[in-house]
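Notes to accompany the following structure.
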């Protein structure tokens, strides 16, 4: 898709990286639909884009609910008449926990938002894009550890690993269908500012959660402060990543790596471990 101007882009998840994607699409002259469960974050993003002269629409959306994604599609078509690009950028990471320590609510929230949100987007929007017969592009955000494994962020890494496979399958199925729609897998490493912190919806809270969630928020905020205080060449700004995404859409590039040397080296180590029957590789990033 060489021409982005006047096309319609949906960005699901508009904190930090998602906001940078929305800004970049608006700079290209695209009409932008913002989708997020956090209405305060959504209103702030919409106000910023409108102040910059962008044509945009904000739709409160819980991507983990199929009906909410269907409503997002309906509102988008009512307002702009088409969908050309969709970025499934939601990524909640409830807390640092081993597989056996993460609670039922941790797992349900993470899988609903990260994995089911992407599944719903594919099920709802791909048929719309195929029926239109126009060029289109789907960008699914995973993470470098989604290519292997990283201890401590178990539900998050598992959900993002599933998105790797989902997007690879999507590419082959779109190709075999002769579709003009393409897919990209965004694999960010370290992002300046990190993942925008989402408040846990009430349905995913458990008795006694308040104190644990307060401590998690404090630890998260401390990590962000430490990252901002430490100069690190490995971090990519959201704006740099948004530029890579635009290039990938234009060039129909599938894998979008923000730290290609490091990611490829880790994938090679994993492949060597598989071939040799060794232990699995611990991913960082």
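Residue numbers (the numbering used here): 1 to 285. Yeah, the Cβ is synthetic: ideal placement off N, Cα and C, and Gly gets one too. Remember, predicted model here, so these are calculated numbers, not experimental data.
Nearest-angstrom Cα separation, counted from residue j out to residue i
i           : j           : result
residue 251 : residue 183 : 11 Å
residue 96  : residue 163 : 20 Å
residue 140 : residue 123 : 13 Å
residue 105 : residue 63  : 17 Å
residue 103 : residue 132 : 42 Å
residue 281 : residue 80  : 46 Å
residue 41  : residue 111 : 21 Å
residue 267 : residue 142 : 15 Å
residue 44  : residue 94  : 23 Å
residue 290 : residue 54  : Limits of the chain in this structure are 1 at one end and 285 at the other, which puts residue 290 out of reach.
residue 50  : residue 56  : 7 Å
residue 66  : residue 91  : 17 Å
residue 260 : residue 75  : 37 Å
residue 27  : residue 19  : 12 Å
residue 25  : residue 276 : 45 Å
residue 200 : residue 109 : 8 Å
residue 206 : residue 113 : 17 Å
Chain-order list of residues whose beta-carbon lies under 6 Å from that of residue i (same chain, five-residue window excluded)
i           : result
residue 30  : 4, 7 and 9
residue 135 : 1 and 180
residue 88  : 12, 118, 121 and 140
Simplified DSSP assignment, three categories, for residue i
i           : result
residue 236 : strand
residue 182 : strand
residue 98  : coil
residue 31  : strand
residue 282 : coil
residue 4   : coil
residue 177 : coil
residue 63  : coil
residue 58  : strand
residue 143 : coil
residue 114 : helix
residue 268 : helix
residue 53  : coil
Chain-order list of residues whose beta-carbon lies under 7 Å from that of residue i (same chain, five-residue window excluded)
i           : result
residue 172 : none
residue 129 : 83, 136 and 181
residue 21  : 11, 87, 89, 242 and 245
residue 14  : 22, 34, 36, 41, 42 and 45
residue 99  : 154
Counterpart residues of residue i in DSSP-defined beta bridges
i           : result
residue 151 : Residue 151 is not bridged to any residue.
residue 137 : 85 and 182
residue 12  : 35 and 88
residue 191 : 236
residue 256 : 186
Nearest-angstrom Cβ-Cβ length linking residue i and residue j, presumed shorter than 8 Å
i           : j           : result
residue 155 : residue 107 : 5 Å
residue 58  : residue 46  : 4 Å
residue 258 : residue 189 : 5 Å
residue 150 : residue 157 : 5 Å
residue 166 : residue 138 : Contact flag wrong, Cβ pair sits at about 10 Å.
residue 32  : residue 249 : About 14 Å separates the two Cβ atoms, so there is no contact after all.
Proximal residues to residue i (C-beta, below 8 Å), its chain only, five neighbours per side dropped
i           : result
residue 296 : Any question about residue 296 goes unanswered here, given that the chain covers just 1 to 285.
residue 70  : 124
residue 61  : 12, 35, 36, 37, 68, 69, 71 and 72
residue 203 : none
residue 147 : 161, 164, 187, 263, 266, 267, 270 and 283
residue 253 : 184 and 247
residue 255 : 184, 185 and 187
residue 236 : 188, 189, 190, 191, 192, 258 and 259
Any chain C beta carbon closer than 8 Å to residue i
i           : result
residue 242 : Absent here is chain C; the protein component of the structure consists of one chain.
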